[in-house]
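For reference, the structure discussed in these notes is given below.
2 protein chains.
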Amino acid sequence: MQAFLSRLKTGQAHIEAALQTALRPHLPELLWEAMAYSALDGGKRIRPVLMQLTTEALGADPDLATPAACALELIHCYSLVHDDLPALDNDDWRRGRPSNHRQFGEATAILAGDALLTYAFELCTAPGPLSAEVRIVVAHEIARAAGPHGMCGGQMLDMQLDPRAPLGPDTLAHMYALKTGQLLRVAVRCGAIIGGATPAQLQALTTYAEQLGVAFQIIDDILDLTGTLDSLGKTPQKDVHQQKYTYPQVYGLAPAQEMGRACVKAALTALHEATLPAPEWLEAIAHYLTERQA
Amino acid sequence: MQAFLSRLKTGQAHIEAALQTALRPHLPELLWEAMAYSALDGGKRIRPVLMQLTTEALGADPDLATPAACALELIHCYSLVHDDLPALDNDDWRRGRPSNHRQFGEATAILAGDALLTYAFELCTAPGPLSAEVRIVVAHEIARAAGPHGMCGGQMLDMQLDPRAPLGPDTLAHMYALKTGQLLRVAVRCGAIIGGATPAQLQALTTYAEQLGVAFQIIDDILDLTGTLDSLGKTPQKDVHQQKYTYPQVYGLAPAQEMGRACVKAALTALHEATLPAPEWLEAIAHYLTERQA
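Which chain is which? The protein sequence lines are A and C, in order.
According to numbering that gives the first Met the number 0, the first sequence is numbered sequentially starting from 0.
According to numbering that gives the first Met the number 0, the second sequence is numbered sequentially starting from 0.
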């Protein structure tokens, strides 16, 4: 794990530097400042690092994935900015600081979110060392994962879940598969495509990512329940206060933990089936993401 | 002009049908319904038709531009949905109907706007008859025109214009060049790229589009001042009530009209310099857009 933590740190620093370059000040100043505020705020960079580690696991240069990885991270960041808005989750805190609309006002926060989302596609479609064929497939994968068939659809489902109505058997899993699962899934898929995965490897890695996504979400729900503002850097017990369905609330804490462990196991099995030249970091990140405390 | 109006009608019907196919209901139903509400609402489809006419003016099949044209129209539609929100322009009416947030609530309107924007990139990056090289350039052009270097930047500048402060000489033109000019400019540029324009043709057509964009905006400002809810399908005198700077307000009505005519003339000169195989519709649309009453 020590070697992985060191690799993770390098990966995070690499993404941080690339995002800082992408978000250096431009005019209009206030818009770029609001974009940078929510994109350069000490996020853990899980999705972009996961993308780069997947490219690396296939034996390719992880730096090839940098533009798409940054694009994906900007999409994650925009989704948090809009999610925090008064009309949606109405959250005043994010990563230990005032949320974007608390800092810049609602109008600027809406615009900054729109700008981050659009700029993500500007980054991942820009000329670079990857062929046009690979870049267009990657941009399409990202758009599909983030849009109404993916993350936006999941956010809508989340909004529509009625805490007073009984929950259908797969409703929670389906909502999360879209809302949070799709961005993790596409991180791995894009990393694989950039790394030159065969169709069979892409399929196995997709299963790996889907299982990892469920495990990640279960841990997120558990941490929301058991963490503190200090340990999380965001408002804890938010789900309880918003009367949201979560894994521990629906299944109980211990069964949810067990479900999480089963997903990690399934993810590792799929990873094994992908027969990658260097699967070690992908194995390590699965453990890391599901044993985290924040 | 009669022949052009007939061509325009065909073009609009073609875009309408393509948008209807792209926006046929999916799950979650309410999200797609809110997206369709603001994208299938009898808009004039100026930008997508302009893109297709540019492709056609170069002697290529205008249908090649359909996915990018629909993408651009969805971006235009999303910008209106977010622009109408209470935190921004706070407008209750759009094209003669309640605005999106009045119909679906603010949370759904924010999500529907995000979904339209993301879906636009899903459409224009999808596999199709155009080469990956052309599709990636087109997607990049659209992202750059719509994002913080383009439309989003212009919206920010618009918000920051202080109606009580004196206006710098080019401030209004610069704001409009980004806020509304960029989407018209990119409509023409993408149509040209898809049609196989030479670099010189692309440059001349870019000038055509920029001049047309200024003329279009001047007319928009004048119509806002002189139109009615019935003739416009949206709240008139909105700029006056919001104390916004506009061309007629800054320069006077007659001088603004004169500026508009000068821009059309410059646009037509640039169009002539592009030496296209079939420039007629682009000439006609320049007259049409600047002589319109709504």
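Glycine included, C-beta positions come from ideal geometry on N, C-alpha and C.
- A contact is defined here as three or more CB-CB pairs under 8 Å, and the stretch 101-115 of chain A fails this definition with respect to the stretch 55-69 of chain A.
- In chain order, Asp-91 place their CB closer than 7 Å to the CB of Pro-97 of chain C, counting only its own chain and leaving out the 5 sequence neighbours on each side.
- For the stretch 81-107 of chain A, the residues whose beta carbon sits under 7 Å from a beta carbon of chain C are, in order, His-81, Leu-84, Ala-86, Leu-87, Glu-105 and Ala-106.
- In the DSSP assignment, Pro-97 of chain A forms a beta bridge with A:Trp-92.
- Exclusion of the five residues before and after Gln-216 of chain C leaves Tyr-175, Thr-179, Gly-180 and Tyr-246 as the residues of its chain whose Cβ lies within less than 8 Å of its Cβ.
- Assignment of Asp-223 of chain C by DSSP, reduced to helix, strand and coil, places it in the helix class.
- In this structure the stretch 200-215 of chain C does not touch the stretch 133-153 of chain C; the number of beta carbon pairs closer than 8 Å is below three.
- Taking C-beta separations shorter than 8 Å and ignoring five residues to either side along the sequence, Ala-261 of chain C has no partners in its chain.
- A distance below 6 Å between beta-carbons, with the five flanking residues on each side excluded, links Met-50 of chain C to the following residues of its chain, in chain order: Ala-64, Ala-68, Ala-186, Cys-189 and Gly-190.
- Of the residues A:Thr-225, A:Ala-285 and A:Gln-241, the one whose Cα lies closest to the Cα of Glu-209 of chain A is A:Ala-285.
- Contact residues of the stretch 159-188 of chain C toward chain A are Gln-159 (C-beta to C-beta distance below 8 Å).
- For the C-beta of Ile-109 of chain A, the chain C residues within less than 8 Å are, from N- to C-terminus, His-81, Leu-84, Ala-86, Leu-87 and Ile-109.
- C-alpha of Leu-183 of chain C to C-alpha of Arg-143 of chain C: approximately 13 Å in a straight line.
- Annotated three-state conformation of Asp-113 of chain A is helix, per DSSP.
- Contact annotation, Ala-111 of chain C with Asn-99 of chain C: C-beta distance approximately 6 Å; criterion of less than 8 Å satisfied.
- The Cβ atoms of Leu-73 of chain C and Leu-129 of chain C do not sit closer than 7 Å to each other.
- Sequence-ordered contacts of the stretch 109-131 of chain A with chain C read Ile-109, Leu-110, Asp-113, Ala-114, Leu-116, Thr-117, Tyr-118, Phe-120, Glu-121, Thr-124, Ala-125 and Ala-131 [C-beta pairs closer than 7 Å].
- Of all alpha-carbon atoms in A:Thr-9, A:Ala-145, A:Arg-46 and A:Cys-76, the one lying nearest the alpha-carbon of Ala-33 of chain A is that of A:Cys-76.
- For Leu-29 of chain A, the residues of chain C that pass the 8 Å Cβ criterion are Met-155 and Gln-159, in the order they occur in the chain.
- Residues are counted here when their Cβ sits less than 7 Å from a Cβ of chain C; for the stretch 32-47 of chain A these are Met-34, given in chain order.
- Boundaries of the alpha helix (DSSP H) around Ala-253 of chain C: 252-272.
- Residues Phe-3, Arg-6, Leu-52, Glu-55 and Ala-56 of the same chain have their beta carbon placed closer than 8 Å to that of Trp-280 of chain A, with the five preceding and five following residues left out of the count.
- Of the candidates A:Gln-11, A:His-25, A:Ala-164 and A:Arg-163, A:Gln-11 places its Cα closest to the Cα of Pro-47 of chain A.
- By the criterion of a C-beta distance shorter than 7 Å, Leu-267 of chain A is surrounded in its chain by Glu-282 and Ala-285, once the five residues flanking it on both sides are discounted.
- The beta-carbon of Ile-135 of chain A is placed less than 7 Å from the nearest beta-carbon of chain C.
- Within chain C, the residues Thr-117 have their CB atoms less than 8 Å from the CB of Ala-145 of chain A, given in chain order.
- In the three-state reduction of the DSSP assignment, Lys-8 of chain A falls in the helix class, which pools H, G and I.
- The Cβ-Cβ distance between Leu-177 of chain A and Gly-152 of chain A falls below 7 Å.
- Contact of Cys-151 of chain C with chain A by beta-carbon distance below 7 Å involves Leu-30, Leu-110, Asp-113, Ala-114 and Thr-117.
- A distance of 7 Å or more separates the beta carbons of Asp-219 of chain A and Asp-238 of chain A.
- Linking Gln-19 of chain C to Tyr-250 of chain A through their CA atoms gives a straight-line distance of about 41 Å.
- Looking at the backbone, the Cα of Thr-274 of chain C and that of Leu-201 of chain C are separated by about 11 Å.
- In summary, Gln-241 of chain C is exposed, with fewer than 16 beta-carbon neighbours lying within 10 Å of its beta-carbon over all protein chains present.
- Neighbours of Ala-138 of chain C across chain A, judged by C-beta separation under 8 Å: Phe-120, Thr-124, Ile-135 and Ala-138.
- Bounds of any alpha helix (DSSP H) do not take in Gly-58 of chain C, whose DSSP letter is neither H nor E.
- Relative to Leu-39 of chain A, the option among A:Phe-120, A:Gly-127 and A:Ala-17 whose CA is nearest is A:Ala-17.
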